[in-house]
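S.K.: After the structure tokens below, expect a handful of questions from me.
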């Protein structure tokens with residue numbers, strides 16, 4: 675991801691400038707790490723990490739990895755057998771992590787269906803919005819004056 679958003683979510687001004695890159699874990703069958711952009715708002719003195727839509731904040735595994743595990747659990751595998759393929763086989767998620775992913779996915783699908791977001795491509799897309807609604811609620815600020 676080479677594009678950097680300019681609008682600061684705190685001060686709402688177009689003041690974010692590039693602040694380098696950092697190496698970030700992103701385990702799945704294709705990669706172990708990725709370089710992510712950093713930005714800083716000088717007036718607010720806040721820094722930001724710009725993540726791709728397939729990588730959840732504070733997560734070491736990609737959403738593709740979560741999707742593979744959830745599909746295997748849905749197919750009948752137990753959590754101990756549902757570990758997804760990772761490029762580094764020593765970095766497999768723990769079965770308790772796989773169960774937590776499946777619970778979050780189920781809760782997210784239930785919430786989206788309940789509000790009427792019944793688009794097949796949306797529910798299958800490996801993005802944080804479709805796969806972990808709780809994470810979306812933690813990272814997106816609720817606007818008091820939103821319609």
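Numbering (our numbering), first residue to last: 675 to 821.
Glycine included, every Cβ here is placed at the ideal spot set by N, Cα and C.
Because the structure is a prediction, the values reported are computed rather than measured.
(1) Go ahead and label residue 702 buried or exposed: buried means 16 or more other beta carbons lie within 10 angstroms of its beta carbon, across all protein chains shown.
(2) Express the C-alpha separation of residue 711 and residue 678 in angstroms, rounding to a whole number.
(3) Considering only the alpha carbon of each residue, which of 732, 744, 749, 686 lies closest to residue 718?
(4) So, helix, strand or coil for residue 675, using DSSP?
(5) Please tell me whether residue 709 and residue 725 are closer than 9 Å, where the distance is taken between their beta carbons.
(6) Does residue 740 pass the burial test, meaning 16 or more other C-beta atoms within 10 Å, or should it be called exposed?
(7) Please state the DSSP three-state secondary structure of residue 737.
(8) What number of angstroms, rounded off, separates the C-alpha of residue 763 from the C-alpha of residue 737?
(9) Should residue 749 go down as buried or exposed, given a rule of 16 or more other Cβ atoms within 10 Å for buried?
(10) Which same chain residues, not among the five before or five after residue 688, have their C-beta less than 7 Å away from its C-beta?
(11) If you measure between the beta carbons of residue 772 and residue 743, is that distance less than 9 Å?
(12) Assign residue 784 to one of two classes, buried (16 or more other C-beta atoms within 10 Å of its C-beta) or exposed (fewer than that).
(13) Which residues does DSSP list as the beta-bridge partners of residue 620?
(14) For residue 732, does the three-state DSSP call read helix, strand or coil?
(15) Less than 9 Å separating the beta-carbons of residue 776 and residue 757?
M.R.: Per the coordinate set shown:
(1) buried
(2) 7 Å
(3) 686
(4) Note that residue 675 scores 48 on pLDDT, short of 50, meaning its location in the model is unreliable; the coordinates nonetheless yield the value given after this. Correct three-state label for residue 675: coil.
(5) no
(6) buried
(7) helix
(8) 17 Å
(9) exposed
(10) 680, 681
(11) yes
(12) exposed
(13) Residue 620 falls outside the range modelled here, since the chain spans only 675 to 821, and no answer is possible.
(14) coil
(15) no
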